[in-house]
Amino acid sequence: MIDELLNLFAWNLDYAHRLVSGLQSAQMTAQPAAEMNHPAWVLGHLAFNVDKIVGDLMLNRGVAFPADWASLFDGASSPVSGASIYPSKIDLAGALDAAHLRVTELVRAQPETWLSEPADFSIRFATVSEALIWILVGHETLHLGQLSAWRRAMGLASV
Amino acid sequence: MFDREAKILRTLQDYGDALMQDLHAEEMCSQPTPDCNHAAWLVGHLAYAADAHSQYAGETPRLDSWQSLFGMGSTPKPSMQAYPTKDELIDAWHDANERLVAAAKGAGPVLLDQPTLGPLVETLPTVADFLAFSMTGHTATHVGQLSAWRRAIGRPKLF
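Line by line, the protein sequences are chains A and B.
Numbering-wise, the working numbering puts 931 at position 68 of the first sequence, and it's gapless, one number per residue.
Numbering-wise, the working numbering puts 320 at position 75 of the second sequence, and it's gapless, one number per residue.
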């Protein structure tokens, strides 16, 4: 199961890159409608989320995501228009790449038995495998779906 | 098998329902930008897809007649006159989801180990992989689009 999950996790990363390919700096924080999640927030949030939840909460390995970015992208954050407060597109894409690489290596190093362990860090999920499916697949693709809709709201072609 | 994926699917279904709960019937086809996937198309597509995907697990499809409205390559129509009612669409989605889950859980290992048909075989090698993705990643992508669409039409975010 670990291999299957990580394959989908990798597909998500590729899809994320395709969704922001060609976007200019100003577009990264554009909100064609109020409170719409823009690409900068989505990339940062996905990177923060997998790093924090898998790396720190599930495997007690701490976080690698830049600490001074956390408040921009954590679960309590909301996207803000305007580029000045956000890292660059290159830096955000790099952060997502780094988070995916770190989490992939950490997860792949775990035995299959880890998947059956209780998800003590969460009240939503009973087991590690249940949490992983949500964090690596469900949560990521939900936000990537928002990003695909954002593209259409901006008048950009679908990918 | 598929208990975790079914839980994710039902979580996404609940979220999708919440995103549409306060919408008037005519809002279901709102398109704030041209060609935007609206709620009627999204929930109809999810119903159609779940029904179609359940065939891989041996289920007999019931929504073949919806192919032209909601299948791959279909485009959203600007009027609800082209579609089933809001309640019919949502009920069909719920029903298709439950049939997909039941079919997946009832499928035997020989069927589940069959290779996925078409180019998806590279990312989703087996029928089991495909069914799992249908319940999680595919559904999450379109529910994510639904949440972004809701903001684009000026409706408040849920959280």
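All C-beta atoms, glycine included, are put in the ideal place defined by N, C-alpha and C.
- In the three-state scheme derived from DSSP, where H, G and I count as helix and E and B as strand, B/Pro-360 is classed as strand.
- In chain order, Met-325 place their CB closer than 8 Å to the CB of B/Glu-271, counting only its own chain and leaving out the 5 sequence neighbours on each side.
- For B/Ser-275, same chain residues with a beta-carbon under 7 Å away, outside a window of 5 residues either side, are His-283, Ile-398 in chain order.
- Between the alpha carbons of B/Gln-359 and A/Leu-869 lies a distance of about 20 Å.
- Under the three-state reduction of DSSP, A/Pro-981 is assigned to strand.
- The residues Pro-360, Thr-361, in chain order, have a CB closer than 8 Å to that of B/Pro-370 in the same chain once the five nearest residues on each side in sequence are set aside.
- For A/Thr-990, DSSP records a beta bridge to A/Pro-981.
- Within its own chain, the residues whose Cβ lies closer than 8 Å to the Cβ of B/Leu-334, once the five positions on either side in sequence are excluded, are Met-273, Ala-285, Val-288, Gly-289, Ala-292, Tyr-328, listed in chain order.
- Rounded to whole angstroms, A/Val-970 and A/Pro-929 show a C-alpha spacing of 21 Å.
- In the three-state scheme derived from DSSP, where H, G and I count as helix and E and B as strand, B/Thr-368 is classed as coil.
- Of the residues B/Phe-315, B/Pro-323, B/Arg-396, B/Val-372, the one whose Cα lies closest to the Cα of B/Ala-348 is B/Val-372.
- The C-beta distance from A/Val-913 to A/Ala-958 rounds to 11 Å, too long to meet the 8 Å contact threshold.
- Separation of B/Asp-248 and A/Glu-993 (C-alpha to C-alpha, rounded to the nearest whole angstrom) is 9 Å.
- The beta carbon of B/Met-265 sits closer than 6 Å to the beta carbons of Ala-284 from its chain, once the five residues preceding and following it are set aside; these are given in chain order.
- Residues of chain A whose Cβ lies closer than 9 Å to the Cβ of B/Arg-344 do not exist, since the nearest Cβ in that chain is about 20 Å away.
- Leaving aside the five residues that flank B/Trp-311 on each side, the residues in its chain whose CB is nearer than 6 Å to its CB run, in chain order, Tyr-293.
- Around the beta-carbon of B/Thr-384, 16 or more other beta-carbon atoms lie within 10 Å, marking it buried.
- A/Tyr-949 places its beta carbon less than 7 Å from that of A/Ala-903.
- Annotation for A/Ser-1011: the continuous alpha helix (DSSP H) segment containing it runs 1002 to 1016.
- Judged by DSSP in its simplified three-state form, B/His-283 adopts coil rather than helix or strand.
- Residues of the region 299 to 314 of chain B with a C-beta atom less than 8 Å from some C-beta of chain A do not occur.
- Looking only at B/Ala-377, B/Ala-295, B/Asp-262, B/Gly-389, the smallest Cα-Cα distance to B/Ala-341 is reached by B/Ala-295.
- In the displayed model, B/Met-380 falls within a helix according to three-state DSSP.
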